[in-house]
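So the structure is just underneath, and the comments pick up after that.
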Amino acid sequence: MEKQNNCQVDLQDHDIQDSSRRSFLKQSGLITAVALTPATALKAADEHIDEKLAGALEKMPLRMEVNGKPYKLSVEPRSTLLDILREQLDLTGTKKGCDHGQCGACTIHVDGTRVNSCLTLGVMVNGKKVTTIEGLAKGDDLHPMQEAFLKHDGFQCGYCTPGQIMSAVACIKEGHANSEGEIREYMSGNICRCGAYPNIVNAILEVKNGGQAV
Ligand code: FES
Ligand code: FES
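Okay, so the sequence shown: first residue is 529 according to our numbering, each after it adds one.
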């Protein structure tokens with residue numbers, strides 16, 4: 529009887545080993561099959577996946593006002609506001625720096641609040657008012673912040689400047705420009721690789737103090 533039990537145990541062990549061997553062979557066969565699949569077949573499968581993805585990314589309607597003009601657009605749900613402004617509306621004043629929310633070059637205003645447009649999906653601003661650097665001047669009259677940046681040399685290469693100016697305008701409006709230290713803190717999301725920070729701070733202080741030179 530004991531012998532029979534041992535036999536049963538042996539048989540079970542054998543079954544387990546056999547089944548794991550079978551599953552190993554199945555898996556390794558699958559890997560080998562994929563490895564041996566001709567490149568053309570894999571490409572076709574890839575294209576099929578692309579088609580499916582494209583179907584899943586159906587365009588969505590987007591209505592928004594940009595710099596006082598109403599727009600009615602059709603956008604992919606994954607499109608950022610930055611890409612929509614630059615590529616669909618040709619408003620290239622807003623710059624793409626890091627595209628990851630770390631440099632501030634893409635700063636714009638949405639309903640009067642500063643946001644990083646690279647971190648904002650277009651569909652999130654449906655029905656809202658957007659202001660970009662192109663919408664700051666009134667015709668030929670520059671915004672006081674633009675004038676102050678010119679006066680104080682608040683830039684060198686100028687790449688970060690649209691974002692700096694949009695942030696600077698918001699910084700004063702938020703009430704966060706009461707001292708050099710406060711300005712530096714609340715402008716810290718806007719990086720300037722040229723290091724024009726002291727002049728940027730002077731420009732902001734001048735506008736905050738009603739146009740008095742500092
Ligand atoms: Fe948006 Fe850098 S491009 S934060
Ligand atoms: Fe060149 Fe700021 S002026 S990055």
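Think of the CB as a built atom: it goes at the ideal place given N, C-alpha and C, for glycine as much as any other residue. Note that the structure is a prediction, hence the values are computed from the model and not measured.
With a contact defined as Cβ atoms closer than 8 Å, Leu617 and Val594 qualify at about 6 Å. Between Cys688 and Phe677, the alpha-carbon positions lie close to 12 Å from each other.
When secondary structure is reduced to three states using DSSP, Thr660 falls in the coil class, being assigned neither helix nor strand.
With fewer than 16 other CB atoms across the displayed protein chains lying within 10 angstroms of its CB, His576 is exposed. In the DSSP assignment, Lys600 falls within the beta strand (DSSP E) that extends over 597-603. As the crow flies, the alpha-carbon of Asn737 is around 10 Å from that of Ala731. Per DSSP, reduced to three states, the secondary structure at Leu733 is helical.
Just measuring C-alpha positions, the residue of Asp668, Gln630, Gly629, Thr659 sitting nearest Gly596 is Thr659. Rounded to whole angstroms, Arg606 and Leu649 show a C-alpha spacing of 7 Å.
The beta carbon of Gly717 is closer than 6 Å to those of Gly632 in its chain, skipping five residues each way along the sequence.
Beta-bridge analysis with DSSP links Pro690 to no other residue.
In this structure, the beta-carbon distance from Pro690 to Gly625 does not fall below 8 Å.
Counting the other Cβ atoms within 10 Å of the Cβ of His628 gives fewer than 16, which makes it exposed.
The set of residues with CB atoms less than 6 Å from any heavy atom of ligand 1 reads, in chain order, Lys624, Gly625, Cys626, Asp627, Gly629, Gln630, Cys631, Gly632, Ala633, Cys634, Asn644, Cys646. Ser707 and Ile719 have their C-alpha atoms roughly 19 Å apart. For Met652, there is no enclosing alpha helix (DSSP H), as DSSP marks it with neither H nor E.
The C-beta distance from Leu613 to Val651 rounds to 14 Å, too long to meet the 8 Å contact threshold. In the three-state reduction of the DSSP assignment, Leu610 falls in the helix class. The beta carbons of Cys685 and Cys722 sit about 5 Å from each other, so the pair counts as a contact at 8 Å. Taking the CA atoms as reference points, Lys587 sits about 19 Å from Ser645. Leu678: member of the alpha helix (DSSP H) spanning 672-679, first to last residue.
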